[in-house]
Each structure stands twice: as C-alpha cells, then as structure tokens.
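J.:
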Amino acid sequence: MTQVTNTVRFVLDGKIVEAQGERRTTTVLDYLREQLQRTGSKEGCAEGDCGACVVLVGELNAAGTGVDYVPSNACIQLLPTLDGKSLKTIESLKRADGTLHPVQEALVSCHGSQCGFCTPGIVMSLTGLLQTVPTPTRDQITNSLSGNLCRCTGYKPIVDATLVASQAGAEQLKLDDGADVALLQQIRRARSPSYNLEGEIVVQPVVRTRKGNEFVSPATLAEVAQYMLQHPQATLLAGSTEIGLQVNKQFSRPEHIVYLGNVAELRRVQESASGWRIGAQVSLSQVERLVTRDYPDFAEVLRRFGSPPIRSTATLAGNIANGSPIGDSMPCLMALGATLVLRRGEQLRSVALDDFYTGQKANVLQGGEFIEAIDLPKLTPGGVFRAHKLSKRFDQDISATCCALSYRLQGGKLAQVKLAYNGLTPFPSRAPLLEAVLQGREPAEVSAQQLDAAIAASFTARDGLRASWRYRALVARNLVLQFLEEAPTASGVDIAKEVLA
Ligand SMILES: Cc1cc2nc3c(=O)[nH]c(=O)nc-3n(C[C@H](O)[C@H](O)[C@H](O)COP(=O)(O)OP(=O)(O)OC[C@H]3O[C@@H](n4cnc5c(N)ncnc54)[C@H](O)[C@@H]3O)c2cc1C
Ligand code: FES
Ligand code: FES
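Numbering of the sequence shown is given in the numbering used here, commencing with residue 133 and proceeding in unit increments.
1) Take L261 as the anchor and find which of L307, Y603, D229 has the nearest alpha-carbon.
2) Can you give me the C-alpha to C-alpha distance between G514 and R475, rounded to a whole angstrom?
3) Shortest alpha-carbon distance to N275 belongs to which of L566, L448, R443?
4) Counting along the chain, where does the alpha helix (DSSP H) carrying L583 start and finish?
5) Where does D619 sit, in a helix, a strand or coil, going by DSSP?
6) Determine the contact status of F502 and F430, defining contact as a CB-CB distance below 8 Å.
7) Pull the bridge partners of K220 from the DSSP assignment, please.
8) Taking 7 Å as the cut-off, is the beta-carbon of Q246 closer than that to any non-hydrogen atom of ligand 3?
9) When you measure from the CB of C177 to every non-hydrogen atom of ligand 3, does any distance come out below 7 Å?
10) In whole angstroms, what is the alpha-carbon distance linking L225 and N495?
11) Return yes when the C-beta of T251 is under 7 Å from any heavy atom of ligand 3, and no when it is not.
12) Quick one: residues in its chain with C-beta nearer than 6 Å to the C-beta of A158, no 5 flanking neighbours on either side, listed in chain order?
13) Measure the C-alpha to C-alpha separation of E630 and E618 and round it to an integer number of angstroms.
14) Skipping 5 residues on each side, what residues in its chain have a beta carbon closer than 8 Å to that of A633?
15) Spatial neighbours of H243 within its chain, please: CB distance less than 6 Å, with the 5 preceding and 5 following residues excluded, ordered by chain position.
16) How would you write the range of the beta strand (DSSP E) that Q272 sits in, first residue to last?
17) Could you give the distance in angstroms between the alpha-carbon of L302 and the alpha-carbon of T259?
18) Between which two residues does the alpha helix (DSSP H) carrying S241 extend?
19) To the nearest angstrom, how far is it from the Cα of P325 to the Cα of Q358?
20) Of the residues G477, V473, Q479, G499, which one's Cα is nearest the Cα of D487?
If you want it as structure tokens, here you go:
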C-alpha cells in the first residue's frame with residue numbers, strides 16, 4: 133500500500149512526479165503547461181476535438197513487465213486520473229544524445245509541418261500507433277489521425293512521413309520506458325480496500341480539499357458501491373470525455389468525484405456462449421474489437437465515434453449514462469437487445485436498455501446506483517444486424533441520425549424485428565410503429581410510403597442544429613430500405629448483389 137493523500141503520483145520519463153495541492157478538476161494539460169512548463173502539448177479547443185494536446189498515458193501491462201500506452205486528450209483528462217500511471221509527452225521523445233524520434237525526423241524530411249501548432253499532437257498520435265503497429269497501412273495511419281486537425285500542411289506529407297518513419301523498425305520506434313516499469317510498480321495503487329476499526333470500508337481520497345470535497349479512485353467494486361451509498365450525489369468519472377467538457381466549458385466543479393478507471397472488476401469483459409458482460413470501465417476501443425466479427429456494422433459505428441484518443445478512454449457505460457439524444461452506441465445496443473446490470477450497495481438489478489431512459493437526459497438510476505456492466509447478446513444463427521451513422525463528416529462528427537436494425541428471416545418474412553434510432557427523439561429509442569410495418573413482411577414488400585406514414589405517426593417533427601427534420605425523416609426511412617434491399621436471401625446471397633449481377 134503506497135497511496136499518499138493529496139498527492140497525485142505518476143511517472144514521467146523515468147522519474148516519479150508528485151503533484152501536490154492541485155484542484156481535483158485540474159486538467160492534465162494545464163498541469164503540464166503551467167506547473168511543469170512542458171508547453172509542447174498545445175491547447176486548441178479544450179474539448180477533445182482538435183488533437184493538439186494528445187499525450188500517451190501508460191499503465192503496467194497485465195504481466196507487470198512492460199507499459200501499455202493509449203493516446204489521450206490531455207485537455208479533458210483530470211490530473212488525479214494519472215495517479216499510478218505513466219505519461220509521455222512530446223518532450224519525452226527527444227533522446228539522451230539529442231536525436232529525434234523517427235516520427236519527428238520523418239516529419240521534418242517529408243515537410244509534414246508548417247505552423248507547427250498541430251505537430252506535437254500528431255507526433256504523439258503516430259508514435260502511439262507505431263508502438264502496437266510498427267508497419268501500419270495508409271488506412272491505419274489516417275484512422276489514427278482522425279482526431280488530429282491540421283489547418284495548414286495537408287495530410288499527404290504527414291501520412292508519407294509515417295510510412296517513412298515505419299521503416300525505422302519496431303526497436304527504434306519504441307518509447308524509452310526502461311526505467312518506468314519499476315517506478316510504476318512502486319506507485320501502484322492498493323488493490324484491496326482499507327477498513328476502519330468497525331470493519332467498514334474507508335475509501336482513501338487522492339485529493340481532498342479543506343472543505344471536504346474530494347477525488348477518490350477506488351480499486352474495488354465494493355469501495356465504489358459503499359462510497360456511492362454514502363455520497364449519492366457524487367459524480368462518477370469514467371473516460372472523462374463528457375465530464376472533461378463540463379469542467380472546461382461549463383466550469384463544473386463536482387464536490388465528490390469517483391474515478392472508476394482503477395476498478396479491476398469494471399475493466400473486464402466476461403464472455404459466455406450467448407454473449408458478453410462488458411464492465412462499465414471497458415473502453416470503446418475494446419468494445420470495437422470485441423464486436424468486429426459478429427457485428428461489423430456496430431464496429432464501424434464505433435470506429436467513427438469521436439477519434440482514437442476519445443475511444444481509448446470513453447466507455448459504453450458513460451455513453452449510456454450520459455443519455456445524449458444523439459448518443460451513438462445506444463441504437464445499436466437497443467437493436468441487439470442489450471440489458472444493463474445496475475448496482476446499488478449490494479443490490480443488483482437488470483434493466484433492459486429500452487427501459488432505461490425516462491426523459492431527456494433522465495433515467496431510472498436511483499440515488500447511489502450505477503451501471504456495473506452491459507450484457508450484450510452474441511449473434512445467433514440466422515440473425516441479421518445492420519447499422520449506419522449519418523453525419524456531415526465521415527470521421528469525428530456527431531450523428532444527424534444513427535439507425536440500427538436487427539431481425540431474422542422466417543420463411544422469407546421478417547421476424548423478431550428490433551429497430552432503433554438516435555437523433556429523432558429526446559433520447560435514443562426503439563421505433564415500435566416502424567417495427568410493426570416490417571414484422572411479418574418480406575423485405576421487398578416494405579414500401580417507402582408505409583415507412584413514411586409510421587415515421588410521421590411516431591415522431592415530433594423538429595428541426596435541429598445538425599439536420600432539418602425533413603432530412604432526418606428521409607434518411608430514417610432510406611436507411612431501413614437500404615438495409616432491407618441488402619437483406620440476405622434464403623441462399624445467403626444479397627438481393628442487391630443479385631440485381632447488380
Ligand atoms: C471530441 C468528442 C467526440 C465525441 N464523439 C462522440 C460520438 O461520435 N458519438 C457519441 O455518442 N458521443 C460522442 N462523444 C461524447 C462522449 O465521448 C461519449 O458520451 C462517451 O461515451 C462518454 O463516456 P465517458 O466514459 O468518457 O464518460 P464520462 O465523461 O466519464 O461520464 C459521462 C456521464 O456518465 C456518467 N457515468 C459514467 N460511468 C457511469 C457508470 N458506470 N454508471 C452511471 N453513470 C456513469 C458520469 O457521471 C457522467 O454523467 C464525443 C465527445 C467528445 C469530447
Ligand atoms: S486542445 Fe483540442 S483536443 Fe485538446
Ligand atoms: S502545421 Fe499548422 S495546423 Fe498543422
């Protein structure tokens with residue numbers, strides 16, 4: 133047990149940094165720039181969009197022998213979440229002999245930087261990619277850069293530079309973290325709860341103010357449950373991609389913050405023959421990998437969710453709990469029949485995601501209750517799942533609408549239909565009248581007129597910032613028609629493909 137109250141301890145380039153007296157909502161970026169004078173990481177938007185602040189956050193791997201890094205937007209991550217972790221910034225890349233990292237060398241030689249404002253974030257995103265994929269394809273490179281905006285150079289020389297850098301080989305590309313492993317072991321957070329003399333769990337804060345406000349970072353589910361019972365108004369912090377914005381843009385200062393990132397039980401996925409139980413702290417990047425085989429359309433929706441630094445921290449549970457009308461994972465999860473495991477103290481209950489929302493940004497969670505896990509069924513033989521997100525830009529944009537449909541064909545007719553949307557209602561929801569149009573019909577029998585009538589009867593026509601109602605209603609109908617046109621035939625061949633042949 134090596135925790136120290138009111139001190140955030142993390143490893144930075146072979147040294148332990150002890151940050152004392154910081155606010156519980158100080159961001160990693162502010163701390164780097166204002167306290168450590170590491171001004172290489174820039175602030176462009178302070179809302180996770182531009183990537184100028186990307187850093188790499190490392191944790192000991194499962195075996196405790198190396199460090200796994202994920203890219204992260206330092207502007208929306210709160211400093212106390214770094215406790216027990218390691219950090220690499222653009223300044224970390226310069227080697228002891230003064231030479232640059234191969235990515236930096238290649239950006240210079242390929243003219244991949246002009247004003248240079250975006251460059252540190254781009255270098256960190258690419259260095260992160262090359263740690264796990266030392267010889268990436270062009271697609272992998274552009275995907276890794278989808279959260280880095282460059283306004284003056286253009287991406288071609290940057291992509292070319294990455295390909296040049298990748299020729300340096302994995303050894304040269306690897307971050308210098310030889311000294312970090314032992315230090316991470318040293319500052320590792322306690323993995324079991326502390327108890328008082330009465331045998332009750334006591335959750336030690338990472339940061340506590342004189343007024344008694346605190347940031348806690350429990351290591352076990354029992355601690356979270358106990359703390360939430362004692363402080364039902366506490367703010368749960370998962371990937372911080374919503375909370376970080378509230379801190380920066382709305383100056384939100386929650387009194388009690390409970391960070392879930394160190395809770396081992398919430399970070400795991402339990403797999404059975406019928407499905408996955410996805411812990412509340414599992415990142416969207418992990419979920420994307422999990423569903424790629426069974427549900428490629430869901431994986432594609434997730435691949436277009438934010439950017440790699442957003443997906444590497446943001447969670448499915450955070451997306452669901454936040455309950456935005458344009459939240460992207462929910463239509464997919466609803467069409468797939470997902471249920472939530474909710475915990476309050478020692479009590480568990482299971483609630484279908486369909487029944488979770490009670491209004492705009494309102495849900496059935498009671499005081500002290502939280503999402504422990506999401507149960508996602510696997511694809512069963514004959515099941516079909518389709519989904520598509522429509523947004524103005526392909527990458528890193530918010531939905532105009534996202535539509536998800538699951539069904540099976542029985543005797544050529546649609547059965548067990550589940551259809552869900554975001555962007556049409558105050559919270560993502562199923563569309564029962566449209567489901568009724570589909571149910572029991574052959575895919576080719578479903579007409580645009582039937583769907584239009586059901587859409588008009590189901591939703592309140594409302595223009596939004598992202599799209600007019602006319603556009604949303606049109607694409608809500610057309611996406612269903614497209615999914616049905618591409619429905620598998622009895623022989624397993626797409627109708628659309630047969631027509632083309
Ligand atoms: C640049 C950017 C791009 C984005 N792109 C998209 C996008 O394409 N699609 C989309 O849908 N969203 C998008 N978002 C929104 C956001 O990333 C998602 O809603 C994300 O899933 C939130 O998860 P989180 O773990 O970061 O939540 P946090 O910010 O940590 O928390 C969000 C809310 O959930 C609550 N919460 C967290 N965990 C639990 C739990 N276990 N039980 C109960 N409550 C909990 C928190 O208290 C808080 O109210 C984007 C955000 C940014 C900044
Ligand atoms: S400053 Fe723009 S993503 Fe952080
Ligand atoms: S080099 Fe100027 S924004 Fe990218």
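We put the beta carbon where it would ideally sit given N, CA and C, even for glycine.
Here the structure is a predicted model, which is why all the values come from computation and not from measurement.
T.: So, to answer that:
1) As a working note, residue 261 is residue 129 in the sequence shown. When C-alpha distances from L261 are compared across L307, Y603, D229, the shortest belongs to L307.
2) Your numbering for residue 514 matches position 382 in the sequence shown. Your numbering for residue 475 matches position 343 in the sequence shown. Roughly 34 Å between the two C-alpha positions.
3) Counted from its first residue, the sequence shown places residue 275 at position 143. Answer by Cα proximity: R443.
4) The residue you call residue 583 lines up with position 451 of the sequence shown. L583 -> alpha helix (DSSP H) spans 580–590.
5) For the purposes of this step, residue 619 is identified with residue 487 of the sequence shown, where counting begins at 1. Per the sequence presented here, residue 619 reads as Ala, with Asp not at that position. DSSP places A619 in coil when its eight states are reduced to three.
6) On the sequence shown, position 370 is the one that residue 502 refers to. On the sequence shown, position 298 is the one that residue 430 refers to. The Cβ atoms of F502 and F430 do not sit closer than 8 Å to each other.
7) As a working mapping, residue 220 is identified with position 88 in the sequence shown. Answer is L188, bridged to K220.
8) For this step, residue 246 is matched to residue 114 along the sequence shown. The answer is yes for Q246.
9) Taking the first residue of the sequence shown as position 1, residue 177 is located at position 45. No.
10) Within the sequence shown, residue 225 is the residue found at index 93, counting from 1. Within the sequence shown, residue 495 is the residue found at index 363, counting from 1. Straight-line Cα distance between these residues: approximately 45 Å.
11) Stepping through the sequence shown from its first residue, residue 251 is reached at position 119. Yes, since a heavy atom of ligand 3 falls inside the 7 Å radius drawn around the Cβ of T251.
12) As a first step, residue 158 must be located in the sequence shown, where it is residue number 26. Checking the sequence shown, residue 158 turns out to be Thr, not Ala. Here the set comprises L211.
13) For the purposes of this step, residue 630 is identified with residue 498 of the sequence shown, where counting begins at 1. For the purposes of this step, residue 618 is identified with residue 486 of the sequence shown, where counting begins at 1. Note on E630: pLDDT 39, under 50, position unreliable in the model; the coordinate value appears next. Taking C-alpha positions only, E630 is separated from E618 by approximately 10 Å.
14) Residue 633 sits at position 501 when you count from the first residue of the sequence shown. At A633 the pLDDT is 33, less than 50, meaning the model places this residue with poor confidence and gives no usable figure here.
15) For this step, residue 243 is matched to residue 111 along the sequence shown. Only P289 meet the Cβ criterion.
16) Position 140 of the sequence shown, counted from the start, is the residue given in the question as residue 272. No beta strand (DSSP E) holds Q272; the alpha helix (DSSP H) holding it covers 270–276.
17) Here residue 302 is taken as the residue at index 170 of the sequence shown, counted from 1. Here residue 259 is taken as the residue at index 127 of the sequence shown, counted from 1. The sequence given here has Ala at residue 302, not Leu. For A302 and T259, the distance between alpha carbons rounds to 11 Å.
18) To locate residue 241, count along the sequence shown from 1; it is residue 109. It spans 234–241 - the alpha helix (DSSP H) in which S241 sits, taken as one unbroken run.
19) On the sequence shown, residue 325 is found 193 positions in, with the first residue counted as 1. On the sequence shown, residue 358 is found 226 positions in, with the first residue counted as 1. When rounded, the distance between both Cα atoms is 11 Å.
20) One-based indexing of the sequence shown puts residue 487 at position 355. Nearest option by C-alpha distance: V473.
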